[in-house]
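Oh and the sequence shown: position 76 is 403 in my numbering, straight run, nothing missing.
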Amino acid sequence: LLQDQSVKGIVVNFRNITERVLLERQKDDFVSIATHELKTPVTSIKAYAQILLKRLNKEGNTAAATMITKMDGQLNKLVSLIGDLLDVTKIESGRLQMHEDFYSFNDLTREITEELQRTTDDHQVILRLDNDIEIYGDRERVGQVLTNLITNAIKYSPSSKDIFVTTYSHRESVTVHVKDSGIGISKENQQNVFERFYRVSGPENQSFPGLGLGLFISKEIINRQGGKIWVESVKDQGSTFCLSLSIDYRKPLA
Ligand code: ADP
328 LLQDQSVKGI
338 VVNFRNITER
348 VLLERQKDDF
358 VSIATHELKT
368 PVTSIKAYAQ
378 ILLKRLNKEG
388 NTAAATMITK
398 MDGQLNKLVS
408 LIGDLLDVTK
418 IESGRLQMHE
428 DFYSFNDLTR
438 EITEELQRTT
448 DDHQVILRLD
458 NDIEIYGDRE
468 RVGQVLTNLI
478 TNAIKYSPSS
488 KDIFVTTYSH
498 RESVTVHVKD
508 SGIGISKENQ
518 QNVFERFYRV
528 SGPENQSFPG
538 LGLGLFISKE
548 IINRQGGKIW
558 VESVKDQGST
568 FCLSLSIDYR
578 KPLA
């Protein structure tokens, strides 16, 4: 049978596919290992920066302390980039874990908003909270999504000030809108922004840094908890990113 030409063809072809799958897996493993290796030294540098900052503040050396604070801000960006890469490798290999518990949605939204307000002097993040509800899901991961949306709203609205974060509580779910008056996204690009590594190209987008992973990860996190995430936007006028979560992800949204 193995002498049969058609069977030989099938055998060879099968081996080619296996090799490709293996290669793909090796590439994923490499990114995963490399990202882990990057994380350790960065964490250590961050710890030293914190110690140094304390010491400089104690000595009253404000000029040096300001520089270390700036360095720490840049390190945070690096940590977040590495975190995104790690998350993507976890998503690809089905290893993104969720840690569920009950939490107050308003408390989480307030916490994230206040934290991000401290990162910008040029923007005002205006929080409008509906009645609070307890929801069941992964608080930290949902916080990561809110952080992504608000960070993007700040990043992509360089010449407008106000960003509105509004929550709406329903009987079985909660919705949050993050609205900016920035560069906006054209209709055809709106469908793609949740894809892995997708970034809108064009002269007005070139000056913004990023890997195009935040929304991909956000969508995965929200989908995994039975929720929805979408965007409404008019080019040059601004964007509103919205997400809805069931109050208990074990009962997904209709
Ligand atoms: P990144 O910001 O790192 O490029 P994201 O996945 O967060 O990656 O976003 C993907 C793309 O969607 C961005 O590159 C940008 O083109 C577009 N985008 C996201 N948020 C906004 C926003 N608030 N306003 C305009 N464009 C946005």
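Beta carbons are placed, not taken as given, at the ideal position from N, Cα and C, and that holds for glycine.
Quantities reported herein were computed from a predicted structural model and do not represent experimental measurements.
With 16 other Cβ atoms within 10 Å as the buried cut-off, status of residue i
| i | result |
| --- | --- |
| SER486 | exposed |
| LEU570 | buried |
| PHE432 | buried |
| GLN471 | buried |
| HIS450 | buried |
| LYS354 | exposed |
| LYS514 | exposed |
| GLN424 | exposed |
| THR561 | In the sequence on display, residue 561 carries Val and not Thr. Exposed, because fewer than 16 other Cβ atoms sit within 10 Å of the Cβ of VAL561. |
| ILE344 | exposed |
Residue interval of the beta strand (DSSP E) (run including residue i)
| i | result |
| --- | --- |
| GLY541 | Premise fails: GLY541 lies in the alpha helix (DSSP H), 541–551, not in any beta strand (DSSP E). |
| GLN451 | 451–455 |
| ILE462 | 461–464 |
| GLU419 | Segment 389–419 is the alpha helix (DSSP H) holding GLU419; no beta strand (DSSP E) there. |
| THR567 | 565–573 |
| ILE439 | Unbroken run through ILE439 is the alpha helix (DSSP H), 432–444; no beta strand (DSSP E). |
| LYS559 | The sequence shown places Glu at residue 559, not Lys. First-last of the beta strand (DSSP E) with GLU559: 555–561. |
| LYS506 | 500–507 |
| TYR495 | 489–496 |
Residue j beta carbon less than 7 Å from that of residue i
| i | j | result |
| --- | --- | --- |
| THR494 | LEU413 | no |
| GLY511 | SER566 | yes |
| ILE548 | ARG468 | yes |
| ILE439 | LEU473 | yes |
| GLY464 | GLU419 | no |
| LYS525 | ASN532 | The residue asked about is misnamed: residue 525 is Tyr in this sequence, not Lys. Contact flag unset, no. |
| ALA392 | LEU402 | no |
| ILE572 | VAL501 | According to the sequence provided, residue 572 is Leu. The question's Ile does not apply to it. In this structure, VAL501 lies closer than 7 Å to LEU572 by Cβ. |
| ILE360 | ALA376 | no |
| VAL415 | VAL369 | no |
| LYS555 | PHE521 | no |
beta-carbon residue i near ligand 3 non-hydrogen atom, thresh 6 Å
| i | result |
| --- | --- |
| ALA480 | In the structure shown, ligand 3 is absent; the only ligands present are ligand 1. |
Cβ-based neighbour list, residue i, same chain, cut-off 8 Å, excluding 5 preceding and 5 following
| i | result |
| --- | --- |
| ASP411 | LEU538, LEU540, GLY541 and ILE544 |
| SER484 | HIS450, ILE490, ASP507, SER508, GLY509, ILE510 and GLY565 |
| ASN384 | ALA392 |
Contacts around residue i, its chain only, beta-carbon distance under 7 Å, and the 5 residues preceding and following it disregarded
| i | result |
| --- | --- |
| LYS366 | ILE409 |
| ILE460 | PHE432, SER496, VAL501 and ILE574 |
| ASN458 | SER496 |
Neighbourhood of residue i by C-beta distance below 6 Å, restricted to the same chain and skipping five residues each side
| i | result |
| --- | --- |
| ALA480 | ILE490, VAL505 and ASP507 |
| TYR430 | ARG466 |
| PHE568 | LEU476, VAL505 and VAL558 |
| ILE378 | none |
Rounded Cβ spacing between residue i and residue j (contact assumed at less than 8 Å)
| i | j | result |
| --- | --- | --- |
| THR436 | VAL492 | 6 Å |
| LYS488 | PHE535 | That belief does not hold up - the Cβ atoms of LYS488 and PHE535 are roughly 18 Å apart, past 8 Å. |
| LEU443 | THR478 | 7 Å |
Continuous alpha helix (DSSP H) stretch holding residue i: start and end
| i | result |
| --- | --- |
| LYS514 | 514–517 |
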